[in-house]
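One structure is given below, encoded as structure tokens.
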Amino acid sequence: MLSFLIRRLLQTIPTVLAVVLLVFVLFSVVPGSIVSSMSDDSDPQVELRLKKQRGLDDPVYVRFGSYVAKLATGDFGTSFRTREPVTAMIAKRAWPTLQLIFAAMAFAIVIGVPLGFIAALQPGSIVDTLAMVVAVSGLSIAKFWLGLVLMYLFALKLGWLPSFGYGDGGLKYLLLPAVTLGVSPMALLARTTRAAVLEIMTADFVRTARSKGMSETRVVKWHVMRNALVLILTTMGLQFGALMGQAVVVEKLFSWPGIGSLLVDSVLQRDIPAVQGSILVVVLAFLAINLLIDVLYGVIDPRIRYA
Amino acid sequence: MMFRMFAIVAGLGLALAATAEAQTPRKGGTIRMTAPYGSSFTSLDIHTTQRAQDEIYAKALHRSLYIWNSAEGKPVLELAKEVTVSGGGLVHTFKLRDDAYFHNGRKMTADDIIWSYNRIMDGTKAYPGARFVRVIEGAAAVEKGQAKEISGLKKIDDFTLEMKLTEKVDPGFYFFTALTSIYPADEGAKESFIQKPIGLGPFKFVEHVPGSRIVLERWDRFYKPGKPYADKIIVSIMGEAAARDVAFRNKEIDTSVLGPAQYVAYQADADLKGTIVEVAEVFTRYMGMNPAFKPFADKRVRQAINYAIDTDLIISKLVKGKAYRATSWLPLTAPAYDKAMKPYAYDPAKAKQLLTEAGYPSGFEFEWTTSQNESWGLPIVSAVIPMLDKVGIKAKVKQVETAVLAEVVRSGDYQAFIYSQASGPDPQAALKCFHSSTPQPACNYTNFKNADFDKLVDEAGQADDPAKRVQLLQKANALLYEEAPVWFFNYNKAVMAVQPWLKGIQLNATELTHQNVEDLWVDETSPAK
Chain G
1 MLSFLIRRLL QTIPTVLAVV LLVFVLFSVV PGSIVSSMSD DSDPQVELRL KKQRGLDDPV
61 YVRFGSYVAK LATGDFGTSF RTREPVTAMI AKRAWPTLQL IFAAMAFAIV IGVPLGFIAA
121 LQPGSIVDTL AMVVAVSGLS IAKFWLGLVL MYLFALKLGW LPSFGYGDGG LKYLLLPAVT
181 LGVSPMALLA RTTRAAVLEI MTADFVRTAR SKGMSETRVV KWHVMRNALV LILTTMGLQF
241 GALMGQAVVV EKLFSWPGIG SLLVDSVLQR DIPAVQGSIL VVVLAFLAIN LLIDVLYGVI
301 DPRIRYA
Chain F
1 MMFRMFAIVA GLGLALAATA EAQTPRKGGT IRMTAPYGSS FTSLDIHTTQ RAQDEIYAKA
61 LHRSLYIWNS AEGKPVLELA KEVTVSGGGL VHTFKLRDDA YFHNGRKMTA DDIIWSYNRI
121 MDGTKAYPGA RFVRVIEGAA AVEKGQAKEI SGLKKIDDFT LEMKLTEKVD PGFYFFTALT
181 SIYPADEGAK ESFIQKPIGL GPFKFVEHVP GSRIVLERWD RFYKPGKPYA DKIIVSIMGE
241 AAARDVAFRN KEIDTSVLGP AQYVAYQADA DLKGTIVEVA EVFTRYMGMN PAFKPFADKR
301 VRQAINYAID TDLIISKLVK GKAYRATSWL PLTAPAYDKA MKPYAYDPAK AKQLLTEAGY
361 PSGFEFEWTT SQNESWGLPI VSAVIPMLDK VGIKAKVKQV ETAVLAEVVR SGDYQAFIYS
421 QASGPDPQAA LKCFHSSTPQ PACNYTNFKN ADFDKLVDEA GQADDPAKRV QLLQKANALL
481 YEEAPVWFFN YNKAVMAVQP WLKGIQLNAT ELTHQNVEDL WVDETSPAK
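Following this line, the structure appears as structure tokens:
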């Protein structure tokens, strides 16, 4: 297991380096000066001094080298806008984003996986049809619109929940943004689970298990569920990554203080170090989750470890 | 009155204001304001940020030498009790307040003002307030690293400060925004200051949840007796208009800035109509024309464009009436605004005639750089294009992000652009943007050069008699109208919905969301505890 983990970790390094290079190059060619991000008062002398001070007048390869060296020590640079270390800015936003994503994923798993199972166990039934209507709707509805509808219903009409804000970070503030964000992965998980279970139910080993006189409950529990989990985990892993990106819209809509809203404002104000830092953190989180999923594969299906 | 206000208050908004004056302010309660211009505050170091968004909280936390008085429509002394002017109008001696305490309990002195202005001029930091402090003699040398202290600032004693300016201007217009807030010299230098800022304002810092809110509580040693009224202020960041709308209707927030679509909806809603407050802000929206592009070098072509566009139609249909028609550059609230002046009429025939006289009978083609802004961007450009087409002028759209547009405008890398630019509150400074000595990147975005205009603005700057100054600026503004370096589109009408329990809202023409919060109070019907 350890060698599997080390192998997967080593495989991650080229991806991280490629992302670092891409993010750096992309934002090196973006037009605009550092001063325009800091002030609308463009004194050429001040701009020259700032560029020199921050090494922005160095050749691009020197800047990249210095950027990578700093990254290696966890230094994402200093924000053009706030003059604060980007690491500190991201650190303040990381927990709310994680809260939101985990809550959304929990909602998606708790609702989506059972829904898919139930639908697959009764294919063609009304339950199956209803479950798939929910799934297709969940995938089609725009998050912004859904968020507004939930606000309208649960805050304005029913008065059960606040319509926006972080409050004390408690559940009543988290519910609406988490459900808004979680509906789409919930729908995808429901569809994936249904498809996986339906396919496995007709597999040879399931037929064999049944022919050996195993009860249907044991068949589903020991053969179908375990085998479906690999596909479900894959979907979950991909959805975690997707949620990091989709959280931008939800955070902005609900005034949720996560990395997404930091990224949006940094892009709009061309705060390049903050944008680079935010993107890198999102990518690293995505890679970490995928690594975790890969490890879980190995736990569920030992054949993957030795492949 | 130096600065006239044409603030227009809708429906119950007027009644609310009148009632507020008649009532005795209530002590206590929480004011829940919103910051609508983005997803976060830039920084808790207000010297670093020029965004209107950040000044919303800064009005509660900090104080500058002057403050904007919305009722009088001009900046008035805030941290000084009096000022005497000498040295041919260049030397201002301030008698500072001796009762202003920072939130750490220390009394403010002249040293704090000197320290703060020196900090702002640190050329290695590019603080945006430098453009204001630069008016003090010796400030530019500090910025360039040629001096360590601003020579034009002299401490006479702890509560007397002498300030020597480089030109004869009203320093009030330079030192009233939060960009020139006064920090405590000892605390402001510490790293911890950015996490827990200390100011002189009526409310002290409690908490900042980045991307969500700032919470402040009453500072009991604030220098205005009996103020502030409220116990607490929460400024929530709410960049999405639709989310703000739900929260306002749900009584979770006390103020909400309205965009054109909501303005129409609130006007049509009997329950919400009375919450609307509106004011003509000092921003002019326009299409700038580059004189280096041959057709635009001819005044007749620029005038033709003004005649070819049905501006009133665009304002009523596209902007939903949430703007005032621009005549020339200076907005309605400027003292030099000439009420008798009429805007360019919609007259395509006249436009055609002018184009023919200028040598473009078949028109010409130009590239128009625009952002996506709903009030002064792509939707407006899309509406104007067919109007220009009718007189033979073809416009090709070049769409860029707002931040990129700002860069384009400053660099002059355009044939035409559409933009919103501050045209006040100081009319002299606003018109000086068109002075030939003003570099294009500073604010002379259309690279306007006209000797007669320069002369009028220079004479206005030297005039000691305010009436004479206004007269000269009026002439300069009229000359600008005649020269038409831009298509004069509109002046922004800022609209905000205010809950009936929030009293004391000021019609601030510089930015409606910037409220002197010590004058605000909530009555007992407020649902906030």
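Taken in sequence, the protein lines are chains G and F. If you're matching positions, the first sequence starts at 1 in the numbering used here and goes up one per residue. If you're matching positions, the second sequence starts at 1 in the numbering used here and goes up one per residue. The beta-carbon is built from N, C-alpha and C at its ideal position, and this holds for glycine as well. Since we're looking at a predicted model, the values are computed, not measured.
> What separation, rounded to the nearest whole angstrom, lies between the Cα atoms of F/Gln428 and G/Pro185?
Replying inline: If you take the alpha carbons of F/Gln428 and G/Pro185, they lie about 58 Å apart.
> Closest by CA to G/Pro14, which one among G/Leu287, G/Leu296, G/Val295 and G/Pro302?
Replying inline: Nearest of G/Leu287, G/Leu296, G/Val295 and G/Pro302 to G/Pro14, Cα basis: G/Leu287.
>> If you measure between the beta carbons of F/Glu240 and G/Leu253, is that distance less than 8 Å?
In response: Their beta carbons are under 8 Å apart, which means F/Glu240 touches G/Leu253 by this criterion.
> Short check: CB of F/Ala543 to CB of F/Asp338, under 8 Å?
Replying inline: Past the boundaries of the shown model lies residue 543 of chain F; chain F is included only from 1 to 529, so the question cannot be answered.
> Can you find a C-beta in chain F that's less than 8 Å from the C-beta of G/Lys252?
Replying inline: Judged by the 8 Å Cβ criterion, G/Lys252 is in contact with chain F.
> Between the segment 343-360 of chain F and the segment 306-320 of chain F, do three or more beta carbon pairs fall short of 8 Å?
Replying inline: Taking 8 Å as the limit for Cβ pairs, the verdict is that the segment 306-320 of chain F does touch the segment 343-360 of chain F.
> Using the C-alpha atoms, what's the distance from F/Lys196 back to F/Asn118?
Replying inline: Distance from the CA atom of F/Asn118 to the CA atom of F/Lys196, rounded to whole angstroms, is 21 Å.
> Can the beta-carbon of G/Met89 be found closer than 8 Å to that of G/Leu262?
Replying inline: The Cβ atoms of G/Met89 and G/Leu262 lie closer than 8 Å to each other.
>> Can you pull the chain G neighbours of F/Pro210, defined as C-beta to C-beta under 8 Å?
In response: Met89, Lys92, Arg93, Pro257 and Leu262, listed in chain order.
> chain G partners of F/Thr177, CB-CB under 7 Å?
Replying inline: Near F/Thr177 there are no residues of chain G at all, since even the closest Cβ is about 13 Å away, more than 7 Å.
> For F/Ala80, which option in F/Ile237, F/Ala141 and F/Phe175 has the closest C-alpha, if you only look at C-alpha atoms?
Replying inline: Comparing Cα positions, the closest option is F/Phe175.
>> By the 8 Å beta-carbon criterion, what residues does the segment 160-172 of chain G contribute toward chain F?
In response: Those residues of the segment 160-172 of chain G that come within reach of chain F (Cβ to Cβ, closer than 8 Å) are Pro162, Ser163, Phe164, Gly165 and Tyr166.
>> I need the straight-line Cα distance from F/Arg26 to F/Trp521, nearest angstrom please.
In response: Roughly 6 Å separates the two Cα atoms.
> Thinking just about the alpha-carbon of each residue, which of G/Trp256, G/Thr208 and G/Ser137 is nearest to the one in G/Tyr173?
Replying inline: For G/Tyr173, the closest alpha carbon among the candidates G/Trp256, G/Thr208 and G/Ser137 is that of G/Trp256.
> What in chain G is Cβ-close to F/Ser43, meaning under 8 Å?
Replying inline: At a beta-carbon threshold of 8 Å, the residues of chain G lying near F/Ser43 are Arg81, Thr82, Arg83 and Glu84, ordered along the chain.
>> Please identify the residue among F/Met287, F/Phe366, F/Gly274 and F/Gly288 whose C-alpha is closest to the C-alpha of F/Pro295.
In response: Checking every option, the nearest Cα to that of F/Pro295 belongs to F/Phe366.
>> Any beta carbon from chain G within less than 8 Å of F/Lys144's own beta carbon?
In response: Closer than 8 Å to the CB of F/Lys144 there is at least one CB belonging to chain G.
>> Helix, strand or coil, according to DSSP, for F/Glu137 in the structure here?
In response: Three-state result, F/Glu137: coil.
> When DSSP builds the beta bridges, which residues end up paired with F/His208?
Replying inline: In the DSSP assignment, F/His208 forms a beta bridge with F/Ile214.
>> If the criterion is Cβ atoms closer than 8 Å, does the pair F/Trp368 and F/Lys398 meet it?
In response: Less than 8 Å separates the beta-carbon of F/Trp368 from that of F/Lys398.
>> Give me the DSSP bridge partner(s) of F/Ala323.
In response: DSSP lists F/Asn492 as the bridge partner or partners of F/Ala323.
> Which parts of the segment 140-198 of chain G are runs of the alpha helix (DSSP H), unbroken and 4 residues or longer, counting only runs that do not cross its ends?
Replying inline: As far as the segment 140-198 of chain G is concerned, its whole alpha helix (DSSP H) runs of at least 4 residues are 143-150.
> What does F/Lys95 pair with, by DSSP beta-bridge criteria?
Replying inline: In the DSSP assignment, F/Lys95 is bridged to F/Glu82 and F/Thr160.
>> Need the endpoints of the beta strand (DSSP E) that F/Pro75 sits in, please.
In response: Unbroken beta strand (DSSP E) run through F/Pro75: Lys74 to Leu77.
>> Which residues in chain F have a C-beta closer than 9 Å to the C-beta of G/Tyr67? List them in chain order.
In response: Result: empty, since nearest Cβ-Cβ is about 21 Å, beyond 9 Å.
> Comparing alpha-carbon positions, which option in F/Asp458, F/Lys475, F/Trp487 and F/Leu431 lies nearest F/Val381?
Replying inline: Residue F/Trp487 is the option with its Cα nearest to F/Val381.
> When we look at the beta-carbon of G/Val29 and count the other beta-carbons within 10 Å, is it buried (16 or more) or exposed?
Replying inline: Flag for G/Val29 reads exposed.
> Listed in chain order, which residues of the segment 142-157 of chain G have Cβ atoms closer than 7 Å to some Cβ of chain F?
Replying inline: Residues of the segment 142-157 of chain G whose Cβ lies closer than 7 Å to any Cβ of chain F, in chain order: Leu148, Met151, Tyr152, Ala155 and Leu156.
>> Under 8 Å, CB to CB, which of the residues in the segment 244-277 of chain F have a partner in chain G?
In response: Among the residues of the segment 244-277 of chain F, those with a Cβ less than 8 Å away from any Cβ of chain G are Val246, Ala247, Arg249, Asn250 and Glu252, in the order of the chain.
> Listing by chain order, which chain G residues have their CB less than 7 Å from the CB of F/Gly138?
Replying inline: Within 7 Å Cβ-Cβ: nothing; F/Gly138 doesn't reach chain G, min ~16 Å.
> Tell me which same chain residues have a C-beta within less than 8 Å of the C-beta of F/Glu511, skipping the five on either side of it?
Replying inline: The residues are Ala52, Glu55, Glu281 and Ala494.
>> I need the DSSP call for G/Pro85, collapsed to helix, strand or coil.
In response: In the three-state scheme derived from DSSP, where H, G and I count as helix and E and B as strand, G/Pro85 is classed as strand.
> Just how far apart, CA to CA, sit F/Ser246 and G/Val60?
Replying inline: A small correction: the amino acid at residue 246 of chain F is Val; Ser does not occupy that position in the sequence shown. Across the structure, F/Val246 and G/Val60 are spaced so that their CA atoms are roughly 48 Å apart.
> Given G/Met38, which residues of its chain have a CB within under 6 Å of its CB, disregarding the five upstream and five downstream residues?
Replying inline: Around G/Met38, the same chain offers Phe80 as residues with beta carbons nearer than 6 Å, after the five sequence neighbours per side are excluded.
> Looking only at its own chain, which residues have a Cβ that is under 6 Å from the Cβ of F/Glu21, when we skip the five neighbours before and after it?
Replying inline: Unreliable positioning characterises F/Glu21 in this predicted model, as indicated by a pLDDT of 49, which lies under 50. The coordinate reading is nonetheless provided below. Correct list: empty, nothing qualifies.
> List, in order along the chain, the chain G residues whose C-beta lies closer than 7 Å to that of F/Ala497?
Replying inline: Result: empty, since nearest Cβ-Cβ is about 15 Å, beyond 7 Å.
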